[in-house]
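Going by the numbering used here, 437 is the number at position 237 of the sequence shown; the sequence numbering is gapless.
Just so it is clear, CB atoms sit at the ideal spot from N, CA and C, and this is done for glycine as well.
As the structure is a prediction and not an experimental result, all values here were calculated from the model.
Presented below is the structure to which this report refers.
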Amino acid sequence: MDDLRDKYLTAIAGANDEAALEDLRVQAIGKKGEVALKMRELGKMTPEERQIMGPKLNALKDEITSAIVAKKSALEDAALDERLRGEWLDVTLPGRTRRPGTIHPISQVTEEVTAIFADMGFAVAEGPQIESDWYNFDALNIPGHHPARAEMDTFYLHRDAGDDRPPHVLRTHTSPVQIRAMQAQGAPIRVIAPGRVYRADYDQTHTPMFHQIEGLAIDRDISMANLKWVLEEFVKAFFEVDHVDLRFRASHFPFTEPSAEVDIRCSWEGGTLKVGEGDDWLEILGSGMVHPKVLQAGNIDPNAWQGFAFGLGIDRIAMLKYGIPDLRAFFDSDLRWLRHYGFAALDVPTLHGGLSR
Ligand code: DAH
201 MDDLRDKYLT
211 AIAGANDEAA
221 LEDLRVQAIG
231 KKGEVALKMR
241 ELGKMTPEER
251 QIMGPKLNAL
261 KDEITSAIVA
271 KKSALEDAAL
281 DERLRGEWLD
291 VTLPGRTRRP
301 GTIHPISQVT
311 EEVTAIFADM
321 GFAVAEGPQI
331 ESDWYNFDAL
341 NIPGHHPARA
351 EMDTFYLHRD
361 AGDDRPPHVL
371 RTHTSPVQIR
381 AMQAQGAPIR
391 VIAPGRVYRA
401 DYDQTHTPMF
411 HQIEGLAIDR
421 DISMANLKWV
431 LEEFVKAFFE
441 VDHVDLRFRA
451 SHFPFTEPSA
461 EVDIRCSWEG
471 GTLKVGEGDD
481 WLEILGSGMV
491 HPKVLQAGNI
501 DPNAWQGFAF
511 GLGIDRIAML
521 KYGIPDLRAF
531 FDSDLRWLRH
541 YGFAALDVPT
551 LHGGLSR
């Protein structure tokens, strides 16, 4: 029996894995194992012999069982240690630096302009980018034969042959939002409408999609003087300067009468733009007193109400303010460009907090 014990305890101590242990268990104390065979021999023994040998065999069986259990848990511990060594991780290493995204200059400038006009009591209005030709043209006093339709390089939406519903277009300007806002809110009204507009044009200063902000203020006695003041306040606040010179140049738009294009005094000394000084003039927007026919299209009585409107290119003033030379870069989604010209995501432009800090 001592031989049996030595044989199995040595084998168990040397077992390399659970499968080997299981084989040893079957061989030693399984139903047909060596200990079981010895137990069968008890029947042939004398009662005296049996009284000695029975407990001894049971003790041997227990000893082998606990040796297997102990070895099994030792093997498990070793396996865990091995895994922990392999999956080791230094939690004291510094984390990877985060690369937060940036706010695109177009979004930034839209927010800046919105903050400035909100301060002057203008609400934000919106309209669809796919617009009927009535809102985009007719309602704005641009009838079918008008040269302005051709000048705008309009994208028309496809119509099947025989489908003679009136055409839809990608809006060529934000001016149709004037009509929608008047129809929805009536007079008096003070809104700006920022958004995307589309024209079939592409070169260094033109992209087929760009951004405008429309402005509209209608009340009983609004005049060109109000327009002038509002635009001066806007330009000063936007370019963050105390003084600006604006030049109102007589112009023509079908939807305003009279109409004016507005230039700001600037200098390009040393290749950088300075607003408010110098001898150059830079056109920044179109404006005028809303045409009576446009008021009518918006269901507003032109004998009781009047007001001004203006349209401003966001991309253009973004390039000017932030010294961005090529318009097309706005739409390249180049991460290096965005990191350079983008704005911190949490710096929301406000008049009290600073527009562009
Ligand atoms: N809609 C014009 C354009 O896209 C800009 C414009 C000019 C808008 C004069 C106006 C305005 O509201 O009064 O070129």
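Hey, would you say the C-beta of residue i is under 7 angstroms away from at least one heavy atom of the ligand DAH?
i: residue 510; result: yes
i: residue 488; result: yes
i: residue 414; result: yes
i: residue 375; result: yes
i: residue 531; result: no
i: residue 337; result: no
i: residue 310; result: no
i: residue 472; result: no
i: residue 459; result: yes
i: residue 317; result: no
i: residue 455; result: yes
When burial is assigned at 16 or more other CB atoms within 10 Å of the CB, is residue i buried or exposed?
i: residue 505; result: buried
i: residue 287; result: exposed
i: residue 402; result: exposed
i: residue 413; result: buried
i: residue 226; result: exposed
i: residue 551; result: exposed
i: residue 449; result: exposed
i: residue 454; result: buried
i: residue 219; result: exposed
i: residue 540; result: exposed
i: residue 372; result: buried
i: residue 395; result: buried
i: residue 456; result: buried
i: residue 411; result: buried
i: residue 430; result: buried
i: residue 214; result: exposed
i: residue 201; result: exposed
i: residue 269; result: exposed
i: residue 393; result: buried
Where DSSP assigns a beta bridge to residue i, which residues make up the other side?
i: residue 475; result: 466
i: residue 394; result: 413
i: residue 389; result: 418
i: residue 368; result: 332
i: residue 482; result: 464
i: residue 348; result: Bridge partners of residue 348: none, in fact.
i: residue 406; result: 403
i: residue 356; result: 369
i: residue 448; result: 462
i: residue 550; result: 554
i: residue 324; result: 392
i: residue 506; result: 419
i: residue 487; result: 460 and 510
i: residue 303; result: 543
i: residue 453; result: 456
Considering Cα atoms alone, identify which of the options is closest to residue i.
i: residue 327; options: 348, 361, 422 and 391; result: 391
i: residue 435; options: 453, 355, 463 and 285; result: 463
i: residue 355; options: 381, 398 and 229; result: 398
i: residue 235; options: 213, 210, 205 and 248; result: 205
i: residue 549; options: 215, 335, 303 and 472; result: 303
i: residue 521; options: 407, 349 and 555; result: 555
i: residue 238; options: 223, 259, 468 and 366; result: 259
i: residue 492; options: 483, 481 and 508; result: 508
i: residue 447; options: 421, 480, 439 and 473; result: 480
i: residue 544; options: 370, 233 and 301; result: 301
i: residue 368; options: 212, 335, 321 and 432; result: 335
i: residue 476; options: 536, 470 and 466; result: 466
i: residue 265; options: 382, 533, 228 and 291; result: 228
i: residue 216; options: 279, 439 and 254; result: 279
i: residue 271; options: 315, 222 and 261; result: 222
i: residue 349; options: 357, 338 and 358; result: 338
i: residue 511; options: 231, 210 and 427; result: 427
State yes or no: is the beta carbon of residue i nearer than 8 angstroms to at least one beta carbon in chain C?
i: residue 362; result: Considering every chain present, this structure includes no chain C. It has just one protein chain.
**Message:** Any contact between the segment 273-284 and the segment 509-517? By contact I mean 3 or more CB pairs, one from each, below 8 angstroms.
**Reply:** no
**Request:** Report yes or no: do three or more beta-carbon pairs, one from the segment 317-331 and one from the segment 369-381, lie closer than 8 angstroms?
**Result:** yes
**Asked** Is the segment 412-425 close to the segment 386-401, with three or more CB pairs under 8 angstroms?
**Response** yes
**Request:** Assess, as a yes-or-no matter, whether the segment 249-260 is touched by the segment 286-300 under the definition of 3 or more beta carbon pairs within less than 8 angstroms.
**Result:** no
**Message:** Measuring CB atoms only, is the segment 523-534 touching the segment 490-510, in the sense that at least three cross pairs come out at less than 8 angstroms?
**Reply:** no
**Request:** Flag this pair as touching only if the segment 483-491 and the segment 447-464 have three or more C-beta atom pairs under 8 angstroms; answer yes or no.
**Result:** yes
**Meets three-Cβ-pair contact criterion under 8 angstroms: the segment 306-319 and the segment 334-344** = no
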